[in-house]
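**Q** In order, the protein sequence lines correspond to chains A and B. Just so we're aligned: 82 in the UniProt record's numbering is position 82 of the first sequence, and the numbers increase by one with no gaps anywhere. Just so we're aligned: 156 in the UniProt record's numbering is position 156 of the second sequence, and the numbers increase by one with no gaps anywhere. Beta carbons: idealized from backbone N, C-alpha and C, even for Gly. Remember, it's a predicted structure, so these values are computed and weren't measured experimentally.
Number of protein chains: 2
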Amino acid sequence: MEPETVMDAALELMDEGALTMRALASRVGLTPGALYTYFPDRAALVSAVADRLLAEADLTLLDAPGLSPHDRIESFALALREVLLRHPAAVPAILGAAFSGPTALHVGESLLRELSDPRASYTVMVYVLGAIALEAAELEGPPPPEEERIALRRTYLVVDPEAFPLTHAANDVIAAYISTDQFRWGLRRLLSAP
Amino acid sequence: MEPETVMDAALELMDEGALTMRALASRVGLTPGALYTYFPDRAALVSAVADRLLAEADLTLLDAPGLSPHDRIESFALALREVLLRHPAAVPAILGAAFSGPTALHVGESLLRELSDPRASYTVMVYVLGAIALEAAELEGPPPPEEERIALRRTYLVVDPEAFPLTHAANDVIAAYISTDQFRWGLRRLLSAP
DNA sequence: ACCTGAACACCGTTCAAGT
DNA sequence: ACCTGAACACCGTTCAAGT
Numbered sequence: 001m002e003p004e005t006v007m008d009a010a011l012e013l014m015d016e017g018a019l020t021m022r023a024l025a026s027r028v029g030l031t032p033g034a035l036y037t038y039f040p041d042r043a044a045l046v047s048a049v050a051d052r053l054l055a056e057a058d059l060t061l062l063d064a065p066g067l068s069p070h071d072r073i074e075s076f077a078l079a080l081r082e083v084l085l086r087h088p089a090a091v092p093a094i095l096g097a098a099f100s101g102p103t104a105l106h107v108g109e110s111l112l113r114e115l116s117d118p119r120a121s122y123t124v125m126v127y128v129l130g131a132i133a134l135e136a137a138e139l140e141g142p143p144p145p146e147e148e149r150i151a152l153r154r155t156y157l158v159v160d161p162e163a164f165p166l167t168h169a170a171n172d173v174i175a176a177y178i179s180t181d182q183f184r185w186g187l188r189r190l191l192s193a194p
Numbered sequence: 001m002e003p004e005t006v007m008d009a010a011l012e013l014m015d016e017g018a019l020t021m022r023a024l025a026s027r028v029g030l031t032p033g034a035l036y037t038y039f040p041d042r043a044a045l046v047s048a049v050a051d052r053l054l055a056e057a058d059l060t061l062l063d064a065p066g067l068s069p070h071d072r073i074e075s076f077a078l079a080l081r082e083v084l085l086r087h088p089a090a091v092p093a094i095l096g097a098a099f100s101g102p103t104a105l106h107v108g109e110s111l112l113r114e115l116s117d118p119r120a121s122y123t124v125m126v127y128v129l130g131a132i133a134l135e136a137a138e139l140e141g142p143p144p145p146e147e148e149r150i151a152l153r154r155t156y157l158v159v160d161p162e163a164f165p166l167t168h169a170a171n172d173v174i175a176a177y178i179s180t181d182q183f184r185w186g187l188r189r190l191l192s193a194p
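(1) Output the boundary residues of the alpha helix (DSSP H) element that contains A/G130.
(2) Which same chain residues, not among the five before or five after A/I150, have their C-beta less than 8 Å away from its C-beta?
(3) Look at the alpha carbon of A/P92 and the alpha carbon of B/R119, and state the distance between them as a whole number of angstroms.
(4) If you follow the alpha helix (DSSP H) that B/A77 is in, where does it begin and where does it stop?
(5) When the Cα of A/R154 is compared with those of A/S68, A/L187, A/H168 and A/V6, which residue comes out closest?
(6) By the criterion of Cβ-Cβ separation under 7 Å, what are the contact partners of A/S192 in chain B?
(7) Give every residue of the same chain whose Cβ lies closer than 8 Å to the Cβ of A/V6, excluding the five residues on either side of it in the sequence, and list them in chain order.
(8) What is the DSSP secondary structure of A/S179, reduced to helix, strand or coil?
(9) Provide the residue span of the alpha helix (DSSP H) that contains A/S110, from first to last.
(10) At least one CB of chain A closer than 9 Å to the CB of B/E109: is that the case?
(11) Measuring only between beta-carbons, confirm whether B/L106 sits less than 9 Å from chain A.
(12) Going along the chain, which residues of its own chain have a beta-carbon closer than 7 Å to the beta-carbon of A/D15, five neighbours each way excluded?
(13) Sorted by chain position, which residues of the same chain lie with C-beta nearer than 8 Å to A/E146's C-beta, five sequence neighbours on each side aside?
(14) Do A/Y127 and B/V173 have their beta-carbon atoms positioned less than 9 Å apart in this structure?
(15) Roughly how many whole angstroms lie between the Cα atoms of B/M21 and A/P32?
(16) Where do the N-terminal and C-terminal ends of the alpha helix (DSSP H) with A/S192 fall, by residue?
(17) Measuring straight from C-alpha to C-alpha, what distance separates B/A18 and A/H70?
(18) Thinking A/L187 and A/E74 are a contact (beta carbons under 8 Å), I'd like their distance in whole angstroms, please.
(19) Kindly indicate which residue of B/L78, B/S26 and B/S121 has the alpha-carbon position closest to the one of B/L190.
(20) Look at the Cβ atom of A/L61, then the Cβ atom of A/H106, and state whether they are nearer than 9 Å.
(21) Can you look up B/V28 in the DSSP assignment and give me helix, strand or coil?
(22) Let me know the alpha helix (DSSP H) ranges lying completely inside the UniProt domain "HTH tetR-type" (1–57) of chain A, each 4 residues or longer, listed in chain order.
(23) Which residue from B/P102, B/S116 and B/L115 puts its Cα closest to that of A/L157?
(24) Just verifying my parser: in three-state terms, what is the DSSP assignment at B/G141?
(25) Could you tell me the alpha carbon to alpha carbon distance between B/A64 and B/A193, rounded to whole angstroms?
(26) Can you name, in chain order, every residue of its own chain whose Cβ lies under 7 Å from the Cβ of A/R42, other than the five neighbours on each side?
(27) How long is the line joining the alpha carbons of B/D160 and A/P144, rounded to whole angstroms?
(28) Which same chain residues, not among the five before or five after A/T123, have their C-beta less than 8 Å away from its C-beta?
(29) Measuring alpha carbon to alpha carbon, tell me which of B/R113, B/A136, B/A137 and B/A170 ends up nearest A/A170.
(30) Please compile the residues from chain A whose C-beta is within a distance smaller than 7 Å of the C-beta of B/V159.
(31) Which term fits B/D51, buried or exposed, when burial requires 16 or more other beta carbons within 10 angstroms of its beta carbon?
(32) Could you tell me the alpha carbon to alpha carbon distance between B/R72 and B/A57, rounded to whole angstroms?
(33) Does chain B have any CB closer than 9 Å to the CB of A/A89?
(34) Would the beta-carbon of B/L53 fall within 9 Å of that of B/F183?
(35) Looking at the C-beta of B/F76, does it have a partner C-beta in chain A at a distance below 9 Å?
(36) 9 Å is my cut-off, CB to CB: does A/G96 come that close to chain B?
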């Protein structure tokens, strides 16, 4: 059996919020102990899944000809966000393995090519991963449509207007914090810094 | 026994990388089952610890008189980073409870007071929490001195110069990605956006 | 190398019963 | 309300033994 088969099943189980070595073994038709032939332990398996997931975003967007560096970064960031939000339970693992994995290295190198100052490219990584992590944190599984999610937040996030007047007044904008528009707005703001 | 006693012991155990309900019970001199009088389940306990930890950063920095809005945000962000990096294992829980907790609500309100556009205040939150999360992800317990950590990264992060020339060339800056200077640099860049 | 069966040393949570 | 003792239904990981 290919390790990829095991990793795909592991991602499925993460999406269902129930990744255990035993459940994974049963899903791929093995005994729990047999999994340790493929990965030394659970943590290694999760790291491998995280790197595989990272590679699902189209890395070539970062080298797309005919686009400005900022547009390349924006289109890749949007693609990455889309991939990762479909698997919110895997996002913490991505944060953990953000630097170590081979795919992350590739992304880092491309990012350095687009921005002259390495400090700026790290700032972009921090923003992109931070935004995705905050959005993922409030998802249980694959996300419902964005409009639905925003509408839910609008009713969910009501606060005491006396104690938190500004938060109360900004309710609609705050509900849309998890929107693609807000994500793009923040990224552009960061990229437009002098 | 006060719930705070239980929460403090829980944070201790998180720092040691070994928070279990059984270990917690034994540390505070109770039976595992007795903990469920204080918190409905493990997740609720962790959320409560996260909020308590968030409150350890000096919230009054966000209202300090005589400082510009940007300086208030910077000093609070630095204080928050210091508190959270002392407890890296608790940071994922902070990300998860970033919006729900009562203390987070207070921080959000203050941030809205400092910046005219709510979208900008969210962008700052994303950056600050993202940077802290990435730094925390590579810590096992309370962090060694910064210089030591950077020096370790400098030798740790060596890559193939042929495959990743820009990453190789920027090694020193990349090693310092987890520095206070880099954190401040990115934050200022974000705040200086037009 | 890959896999099974069985075990070891743990988990979180529940619940009758006591105070 | 708070706590104990004991149980239930799980975990990850190891390892002799088989192929």
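**A** This is what the structure gives:
(1) P118 to A137
(2) A175, A176, I178 and S179
(3) 24 Å
(4) P69 to L85
(5) A/H168
(6) A193 and P194
(7) L24, V28, L35, Y38, F39 and L45
(8) coil
(9) P102 to E114
(10) yes
(11) Checking the displayed sequence, the identity of residue 106 of chain B turns out to be His instead of Leu. Answer yes: the Cβ-Cβ gap between B/H106 and chain A drops below 9 Å somewhere.
(12) H87, A89, G141 and P142
(13) I178, S179 and T180
(14) no
(15) 25 Å
(16) No alpha helix (DSSP H) holds A/S192; DSSP gives it neither H nor E.
(17) 43 Å
(18) 6 Å
(19) B/S121
(20) no
(21) helix
(22) 3–15, 21–28 and 42–54
(23) B/P102
(24) coil
(25) 23 Å
(26) M21
(27) 42 Å
(28) L190
(29) B/R113
(30) L105
(31) buried
(32) 13 Å
(33) no
(34) no
(35) no
(36) yes
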